[in-house]
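What follows is a single structure, written as C-alpha cells, with notes after it.
Residue numbers (our numbering): -15 to 173.
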C-alpha cells in the first residue's frame, strides 16, 4: 500500500496512459494529426473551466443550462467518438463512474431521484488550474495531466479538487477527454 502511495507523477501518468491507451480508445483517425502539446492541454483545461462557469451562469440567468451542458460534453469529452471515456467525478458515491454521455450530463446538471445535484449548476464563478505535471506519450497522440483545480463559488470561496485528465485528439484535431478523475483532498476531519 505504501508503495502505491509513493508512485511518482511520471509513474502514475504512465499507468493512466497504459489504461487509456488500450485498443478500446481510438486516437485521431489514421494518426495524421499533429502531436498533442502541453500548450494545447492548458488551453483545453482553460476552455473546460470556462464551460463549467458558463453552464452555471446560464442556470442563474434561467436559460437552457441543459443545452449548454450538452454542448460542453460534446466539445470536451470523447463520448460518441468510438472512444472509451473513463469519468470518475468529484461528488459521486453511489454512481461513481460515468460510462456514457447521459450519465455525464446527469452529473453536470442533476437528475431528480439520484445523488446528482448538478455539479455545474452549483454554480461557480471561476475555475483555476494548477498543473502538477503533464506527460505526453512518445507518439504525441495522448496526454495526461494531473494537479489541483479550484472552483470559486458565488460566495467567493474556493474549493480545491484533485484531478487527472487524459486527452486524445479527435478526427478534427480537437483534444477530447478520455479520462477524467476528480476527488477532494484527504482530510482527517
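Glycine included, C-beta positions come from ideal geometry on N, C-alpha and C.
Straight-line Cα distance separating residue 73 from residue 105:
Position 121 of the chain shown, counted from the start, is the residue given in the question as residue 105. Position 89 of the chain shown, counted from the start, is the residue given in the question as residue 73. Those two C-alpha atoms are separated by around 15 Å.
Given that a residue counts as buried once 16 or more other Cβ atoms are within 10 Å of its Cβ, and exposed if not, what is residue 42?
The residue labelled residue 42 in the question sits at position 58 within the chain shown. Its Cβ being crowded by 16 or more others within 10 Å, residue 42 is buried.
Cβ-based neighbour list, residue 82, same chain, cut-off 7 Å, excluding 5 preceding and 5 following
Taking the chain shown and counting its residues from 1, one reaches residue 82 at position 98. Excluding residues within five positions, the ones whose Cβ falls inside 7 Å are 71, 73, 88 and 91.
Figure out for me which residue from 39, 141 and 159 has the closest Cα to the Cα of residue 27.
One-based indexing of the chain shown puts residue 27 at position 43. Residue 159 is the option with its Cα nearest to residue 27.
Exposed or buried, which one is residue 44 when buried takes at least 16 other CB atoms within 10 Å?
Counted from its first residue, the chain shown places residue 44 at position 60. Exposed is the call here.
Note down, in chain order, each residue of its chain lying with its Cβ closer than 7 Å to the Cβ of residue 107, except the 5 sequence neighbours on either side.
Position 123 of the chain shown, counted from the first residue, corresponds to residue 107. Excluding residues within five positions, the ones whose Cβ falls inside 7 Å are 40, 41, 43, 44 and 138.
Going by DSSP, name the residue or residues bridged to residue 112.
Along the chain shown, read from residue 1 onward, the residue named residue 112 stands at position 128. DSSP output for residue 112 lists 134 as bridge partner(s).
Give, in chain order, every unbroken run of the beta strand (DSSP E) that is at least 3 residues long and sits entirely within the stretch 41 to 71.
none
Should the stretch 140 to 148 be called in touch with the stretch 161 to 170, which here means at least 3 C-beta pairs below 8 Å?
yes
With distances taken between CB atoms, is the gap from residue 25 to residue 110 smaller than 9 Å?
Here residue 25 is taken as the residue at index 41 of the chain shown, counted from 1. Here residue 110 is taken as the residue at index 126 of the chain shown, counted from 1. Going by C-beta atoms, residue 25 is not nearer than 9 Å to residue 110.
Could you check if residue 129 is buried or exposed, using at least 16 other CB atoms within 10 Å of its CB as the buried criterion?
If you number the chain shown from 1, residue 129 lands on position 145. By the neighbour-count rule (16 or more Cβ atoms within 10 Å), residue 129 is buried.
For the alpha helix (DSSP H) that contains residue 92, what are its first and last residues?
As a position in the chain shown, residue 92 is number 108, starting the count at 1. Segment 85 to 93, the alpha helix (DSSP H) holding residue 92.
Could you tell me the distance, in whole angstroms, from the CA atom of residue 67 to the CA atom of residue 155?
On the chain shown, residue 67 is found 83 positions in, with the first residue counted as 1. On the chain shown, residue 155 is found 171 positions in, with the first residue counted as 1. Computed Cα separation, rounded: 12 Å.
Along the chain, where does the beta strand (DSSP E) that runs through residue 143 open and close?
Indexing the chain shown from 1 puts residue 143 at position 159. Start and end: 142 to 153.
Three-state class that DSSP yields for residue 20 in the structure shown:
The residue you call residue 20 lines up with position 36 of the chain shown. Of the three classes helix, strand and coil, the one that applies to residue 20 here is coil, per DSSP.
Nearest to residue 84 by alpha carbon, out of 112, 63 and 29?
Position 100 of the chain shown, counting from 1, holds the residue named residue 84. Here the closest residue by C-alpha is 63.
Using a 10 Å radius around the Cβ and a threshold of 16 neighbouring Cβ atoms, would you call residue 172 buried or exposed?
Taking the chain shown and counting its residues from 1, one reaches residue 172 at position 188. Classification for residue 172: exposed.
Rounding to the nearest angstrom, what Cα-Cα distance links residue 35 and residue 79 in this structure?
To locate residue 35, count along the chain shown from 1; it is residue 51. To locate residue 79, count along the chain shown from 1; it is residue 95. Cα atoms of residue 35 and residue 79: separation of roughly 23 Å, rounded to the nearest angstrom.
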